[in-house]
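Data first, discussion second: the structure below is written as structure tokens.
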Amino acid sequence: MSEADLTGQMSRQNGRGTDLKTLVGATLGALVFVYALLHVGQVLFLWQPPELFRTLHLCLSLVVLSLVGLQATANAARRILCLALVAAALAVLAYVFVMHDALINDRLFGPSSADMLVGVVLLVSVMLAAQGVWGFTIPALAILALLYGYFGHLFSSNLLFHGGMSLERLLSYTSIPYFQGVLGSMTGLSGTMIFIFMLLAGLLKSTGGIDFVLRLAGRISGMSRGGPAKVAIIGSGIMGMISGSTVANVASTGTITIPLMTKTGFSPEEAGAVEAVSSTGGQFMPPVMGLTAFLIVGITGASYSTVMLAAAIPAVVFYVNLILAVHFSAAARESLSSPVAQEVGDLPDWKTDIGQFAHLILAVILLTILLLQQVAPSRSAIIAIGFLAVAEIFKQLYLNRDDLGHGIAIFCRRLYEGVLDGVKSGAQLAAVIAVIGIIVDMMTVTGLAQRLSHMVLGFENLGLFPLLCIVAATCLVFGLGMPTPAAYTLVAVLGAPTLVSYGVDLLAAHMFVFFFAAMSAITPPIALASLIASRISGGNYAATAMHSVRLGLPGFILPFFLVYYPEILLGGDNMFATLLRIGAMLVFFFALNIVFAGSGVWSGSNILLRLLLLAVAAISTVDIFQLPIVLMAALLGAVLFVRQRA
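This is the structure in structure tokens:
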């Protein structure tokens, strides 16, 4: 073949590739709006029975993920796999809709052969999709759970032995016709609640959310020491309110804040650690709370507003202490004291920012008010979405009043970008939550969850603290390389009931599990948040992870306070006791921060002073000492404030 023929063949292949990408892009563009409207319609009008909607949600999520993968790859084998997944998902969806009545009414004694085939296709498709997004860990655990369900009768251990499950029963409990496992209640929660908040988050980001967050953070941190690091902390905390994903937080704000920190004297490892820990804390920040809040609601039965309020004080304490740690570290090194304005330039005046971002602020305020008024979370998010969309189009029409067509075009582009981002995020979470549903149902149906809880409860003679340490370690191990909702769900099934049986408050037990599941993102050896941050900063991964653990120390200690002092979760009637506990907790972490990061605060500080501060931190956790310590700390703070103002 001549060179001209080869060139022509390559051109035709490139042309076909371009045509395919164009077709896939157009299909995806139409599908994301259909996907969003179907989900909003289900929340508002319940237009489908729950089991049909779960199937629709999961299968359309698989189609979205496959089209995104098809658009992103040029590999022929991967393209074939993506097309096969699209066909499989649509076939499963069609089968369930056509056979719905028979699946509900005529399968009391098990599935038909066709049901089993469809169930296998669905399980394989979901695991492949989850592996493509989240890696091998979660699908591997699901496969082990399935193998355990089938071969459980072969174990000799009392802990692991169960009667075994036939293939028919195994498929029934993980797919159809019982609509459990990948089509269970967790998938329903993903479709009716989690996706709606992902849609809101996508629209907030596409309409200027990241710019707003960074500008607001820059204004709050102002001219203070360690300003760029404080921008990262505050920015990631606010992003956590609308994003709810550690990885998304690091990737979105980290690309801006990490170079800003290194430019002002922070080492790449320090900058990466600040961003990793700040983004991890976004999981605790109401109102979204890393989406795990919805799972807590589903498992505990508590209202969403209760969970949101319970997280408020711990989240604020976490970020206050992180800011203090950065401030003390910057005070010790004047090279880190560069104000934000020197690096990012003069910020626009407040009026300009308010005019540009007021609709974002009002949307978040509206969402929070609705949630506190006990409006259903999904409906609250839909109202906020509607407000945001209307406000954005009026804003664009006003800004482009001389060219209304241009304003409408900008609005449509931002709307599409926001919906696409929300649908992609929702589809990714749907895949992983469906796979987690397999694991949870296998642990429940085989009785393993109950037996493990009884085994852990056997350590109760050692006392509550060792029991908490065992549950915390379990959370950190399960959370290695896994998203927080996955880690929380697995341990909530095992560890939280054990703590409740011991006498721990129900919400405190689940918040304990939640905190440690989130902190696994910065816990070596995997430390996913630290890994991503180190890639952005160019720093050493191991050093970044160790810096992250040191900075994130409050996050590993706070959960114990929540168990021993559940008043912090704002669930009690004694306001004085609540304020006293919060004050003691602040004194504890303040002293700890000075010991580990505050050599610049106490010039010439020595080991005796540090030991004294450690002693103060320790006795602040003892009930009888809390009131005098809090009063002395308040008096000292007032004196220092007056002296500084004088």
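Residues in the sequence shown are numbered consecutively from 1, following the UniProt record's numbering. Even glycine gets a Cβ: it sits at the ideal position worked out from N, Cα and C. Since the model is a prediction, treat every value here as computed from it, not as a measurement.
- When C-beta atoms of the segment 409-423 are compared with those of the segment 69-88, fewer than three pairs fall below 8 Å, so the two segments do not count as touching.
- In this structure the segment 416-428 touches the segment 188-199; the number of beta carbon pairs closer than 8 Å is three or more.
- If the five residues before and after Thr174 are omitted, its C-beta is found closer than 6 Å to the C-beta atoms of Gly181, Ile438, all from its own chain and listed in chain order.
- Counting other Cβ atoms within 10 Å of its Cβ, Leu189 reaches 16 or more and is therefore classed as buried.
- Between Val250 and Ala533 the beta-carbon gap is near 5 Å, inside 8 Å, which marks them as a contact.
- Along the segment 30-112, the alpha helix (DSSP H) occurs as fully enclosed runs of 4 or more residues at 50-72, 76-98, 100-105, listed in sequence order.
- Looking at Glu275, Ala431, Gly265, the one whose alpha-carbon comes closest to that of Ile256 is Glu275.
- Annotated three-state conformation of Gln428 is helix, per DSSP.
- Taking a contact to require three or more Cβ pairs closer than 8 Å, the segment 125-132 and the segment 62-76 qualify as touching.
- Between the C-alpha atoms of Ile296 and Leu467 there is a straight-line separation of about 21 Å.
- Taking a C-beta distance under 8 Å as the contact criterion, Val419 and Val40 do not qualify as a contact pair.
- In this structure Thr207 is in contact with Glu392, their Cβ atoms being roughly 5 Å apart against a cut-off of 8 Å.
- Counting of Cβ neighbours within 10 angstroms places Asp19 among the exposed residues, the total staying below 16.
- Ranking Ala545, Met186, Val491 by CA distance to the CA of Leu448 puts Val491 first.
- In this model, Glu270 and Thr544 are separated by some 7 Å (Cα to Cα).
- Between the segment 462-479 and the segment 491-505, the count of C-beta pairs closer than 8 Å reaches three or more; the two stretches touch.
- In the three-state DSSP reduction, Asn593 falls in the helix class (H, G or I).
- If you draw a 10 Å sphere on the C-beta of Leu322, you find 16 or more other C-beta atoms in it, and that means buried.
- Val43 sits buried, since 16 or more C-beta atoms from the chains shown fall within 10 Å of its C-beta.
- Where Ile143 is concerned, the enclosing alpha helix (DSSP H) starts and stops at 137-151.
- Fewer than three Cβ pairs drawn from the segment 294-311 and the segment 580-596 lie within less than 8 Å of each other, which leaves the two stretches out of contact.
- In the three-state DSSP reduction, Ser175 falls in the coil class, being neither helix nor strand.
- By the beta-carbon neighbour count (other beta carbons within 10 angstroms, threshold 16), Ser236 is buried.
- Here His406 carries a helix assignment [DSSP, helix/strand/coil].
- With a threshold of 16 other beta carbon atoms within 10 Å, Gln283 meets it and is buried.
- Counting only unbroken stretches of 4 or more residues, the alpha helix (DSSP H) elements lying wholly within the segment 372-400 are 377-399, in sequence order.
- For Pro466, the enclosing alpha helix (DSSP H) has its first and last residue at 464-478.
- Counting only residues of its own chain and dropping the five nearest sequence neighbours on each side, Ala591 has a CB closer than 6 Å to the CB of Leu613, Val616, Ala617.
- In this chain, the alpha helix (DSSP H) harbouring Ala518 covers 506-519.
- In this chain, the alpha helix (DSSP H) harbouring Leu551 covers 541-551.
- Within a 10 Å sphere around the beta-carbon of Gln396 sit 16 or more other beta-carbons, which makes this residue buried.
- The C-beta distance from Tyr178 to Gly164 rounds to 18 Å, too long to meet the 8 Å contact threshold.
- Less than 8 Å separates the beta-carbon of Leu291 from that of Ile194.
- His454: member of the alpha helix (DSSP H) spanning 448-457, first to last residue.
- The segment 512-522 and the segment 544-563 touch, with three or more beta-carbon pairs separated by less than 8 Å.
- In this structure, the straight-line span from the alpha carbon of Tyr304 to that of Ala376 is close to 8 Å.
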